[in-house]
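**Student:**
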Amino acid sequence: MFKHELSRNEKKLLIYILIFSSLFFILFLSSCSVFEVIGLGKVTSEERQVLGIESISTGSSINLIIEQTGSESVRIEAAENIIPDIITDVANGELQISLNTAGLNIIRPINCFVSVKDLNAIKVSSSASVKCDNLKTENLSVEMASSSKGSLNVDVTNLDLKIASSASLTISGKANSQTIIVNSSGRLDAFDLISKDCKIEVNSSGSASINVSDNLDVKVNSSGIVKYKGDPNVNPDVSTGGSLSKVEN
73 MFKHELSRNE KKLLIYILIF SSLFFILFLS SCSVFEVIGL GKVTSEERQV LGIESISTGS
133 SINLIIEQTG SESVRIEAAE NIIPDIITDV ANGELQISLN TAGLNIIRPI NCFVSVKDLN
193 AIKVSSSASV KCDNLKTENL SVEMASSSKG SLNVDVTNLD LKIASSASLT ISGKANSQTI
253 IVNSSGRLDA FDLISKDCKI EVNSSGSASI NVSDNLDVKV NSSGIVKYKG DPNVNPDVST
313 GGSLSKVEN
């Protein structure tokens, strides 16, 4: 049988092919590790000490549960192997809750229970969620974005809401006055939030349901939808494609 001996150039070419193939394989494994499925271990909890919470922000599919207890604390509940990657830092009064490593495929929920004395702002994004019952404060700002979800019950004097990018918020309780902006398929369900005065703007397929007794200043654009309960004085600015309607109690 004829046996072909590799020439010097052919041997070099074969070596180069093996080297490049090895490098490609290493890079492939490295990229896969970024999306490693973790969070399958035993679910455990960890208490963390925090001070000076005035506002809270979170994202990365974290479930935020807020309680107004008169004291300050954080308790993390998650798979034990990812708890070290859950960051809870307070900077300039803002408690920032995040994951240390991006691109993780979290199988089990990450729950973060936060106790506060008072709170003036909540920011939720990136498919995270927030829940809070019976929050009483003077001024409260809530920002929801990027498919996040929220359920709040509040007693506030001034309320500022911003909802965008397919985020949704259900809110109940009472507010003396509120300012609302809903954009980009955001959704607000606030029929059970009783307010005296409301200034609202809804754009880009956003929708809002509100309950106002005294004054309603409303602007609706680009397939936005606003439904309201109550008998307020209404100052409407509704463009083509927008919808404003009253719902009887």
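Numbering (our numbering), first residue to last: 73 to 321. Note that beta-carbon positions come from the ideal geometry of N, C-alpha and C, so glycine has one too. In this text, all values refer to a predicted model and were calculated from it rather than measured experimentally.
(1) Within the 8 Å Cβ cut-off, does Ser238 reach chain D?
(2) Measure the CB-CB distance between Val319 and Ser279 and report whether it falls below 8 Å.
(3) Rounded to whole angstroms, what's the CA-CA distance from Val188 to Thr312? Just pull it up for me.
(4) Please report the Cβ distance between Ile154 and Thr116, rounded to the nearest whole angstrom; I am assuming they are in contact, meaning their Cβ atoms lie under 8 Å.
(5) Given that a residue counts as buried once 16 or more other Cβ atoms are within 10 Å of its Cβ, and exposed if not, what is Gln121?
(6) Measure the Cβ-Cβ separation of Ser213 and Ala239 and say whether it is below 8 Å.
(7) Please name the residue in Gly142, Ser285, Lys195 whose C-alpha comes closest to that of Gly222.
(8) Taking the straight line between their C-alpha atoms, what separation do you get for Thr323 and Gly131?
(9) What is the DSSP secondary structure of Ile169, reduced to helix, strand or coil?
(10) Helix, strand or coil: which one does DSSP assign to Asp303?
(11) Comparing C-alpha positions only, which one of Leu231, Ile125, Ser315 sits nearest to Ile169?
(12) Bridge partners of Ile272, per DSSP?
(13) Assuming Val202 and Ile138 are in contact, meaning their beta carbons sit under 8 Å apart, how far apart are those beta carbons, in whole angstroms?
(14) Apart from the five residues on each side of it in sequence, which residues of its chain come closer than 6 Å, Cβ to Cβ, to Asp286?
(15) Between Ile159 and Asp309, what straight-line distance do the alpha-carbon atoms span, to the nearest angstrom?
(16) Using only alpha-carbon positions, find the residue among Ser220, Leu288, Gly165, Asn206 that is nearest to Ser244.
**Tutor:** This is what the structure gives:
(1) Among the protein chains of the structure shown there is no chain D, as only one such chain exists.
(2) As a first step, residue 319 must be located in the sequence shown, where it is residue number 247. As a first step, residue 279 must be located in the sequence shown, where it is residue number 207. The answer is no: Cβ separation not under 8 Å.
(3) Residue 188 sits at position 116 when you count from the first residue of the sequence shown. Residue 312 sits at position 240 when you count from the first residue of the sequence shown. Distance between the alpha carbons of Val188 and Thr312: 44 Å.
(4) Numbered from its first residue, the sequence shown carries residue 154 at position 82. Numbered from its first residue, the sequence shown carries residue 116 at position 44. That pair is no contact at about 10 Å.
(5) Your numbering for residue 121 matches position 49 in the sequence shown. Gln121 should be labelled exposed.
(6) Taking the first residue of the sequence shown as position 1, residue 213 is located at position 141. Taking the first residue of the sequence shown as position 1, residue 239 is located at position 167. Not closer than 8 Å, so no.
(7) Within the sequence shown, the letter at position 150 stands for residue 222. Considering only alpha carbons, the answer is Lys195.
(8) Coverage of the chain is limited to positions 73 through 321, which leaves residue 323 absent and any answer about it impossible.
(9) If you number the sequence shown from 1, residue 169 lands on position 97. Looking at Ile169 - three-state DSSP - the assignment turns out to be strand.
(10) As a working note, residue 303 is residue 231 in the sequence shown. Coil, per DSSP.
(11) Here residue 169 refers to the residue found at position 97 of the sequence shown. Measuring from the Cα of Ile169, the nearest candidate turns out to be Ile125.
(12) For the purposes of this step, residue 272 is taken as residue 200 along the sequence shown, with counting starting at 1. Ile272 pairs with Ile252, Val290.
(13) Position 130 of the sequence shown holds residue 202. Position 66 of the sequence shown holds residue 138. Right, their Cβ atoms sit about 7 Å apart.
(14) The residue labelled residue 286 in the question sits at position 214 within the sequence shown. Contacts found: Lys268, Asp269, Pro304.
(15) The count along the sequence shown starts at 1 and reaches residue 159 at position 87. The count along the sequence shown starts at 1 and reaches residue 309 at position 237. Those two C-alpha atoms are separated by around 44 Å.
(16) Taking the sequence shown and counting its residues from 1, the one referred to as residue 244 is at position 172. For the residues Ser220, Leu288, Gly165, Asn206, the minimum Cα distance to Ser244 belongs to Asn206.
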